[in-house]
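Novice: Read the sequence shown against my numbering and you will find it ends at 77, with the numbers running on by one and no gaps. For every residue, glycine included, the Cβ atom is placed at its ideal position computed from N, Cα and C. A quick note: this is a predicted structure, and the numbers were derived from the prediction, not measured. A single structure is presented below for examination.
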Amino acid sequence: NWAEDDLLILARPFAVAMRSPDTATVESQLSHVSCQNWANVSEIEQARASLAIARYALAQVQK
């Protein structure tokens with residue numbers, strides 16, 4: 015389990031990115047895990063990828 019402060023720090027770049035139509039943050043985060051077995055990716059990287067995917071999905075819905 016993560017502390018609330020840890021989650022806020024992890025989510026901050028995505029909160030900023032959601033104010034912009036730029037998808038560089040999403041692409042950057044997904045490039046780290048795209049070719050790896052999910053089970054071999056750290057929990058932090060899994061969380062970052064999950065946030066990036068959620069951000070991308072929200073951007074697609076808003077189009």
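1. A63: buried (16+ other C-beta within 10 angstroms of its C-beta) or exposed?
2. Would F28 pass as a contact of A68 if the rule is Cβ separation under 9 Å?
3. Taking Cβ to Cβ, would you say L22 is nearer than 9 Å to L65?
Specialist: According to the data block:
1. buried
2. yes
3. no
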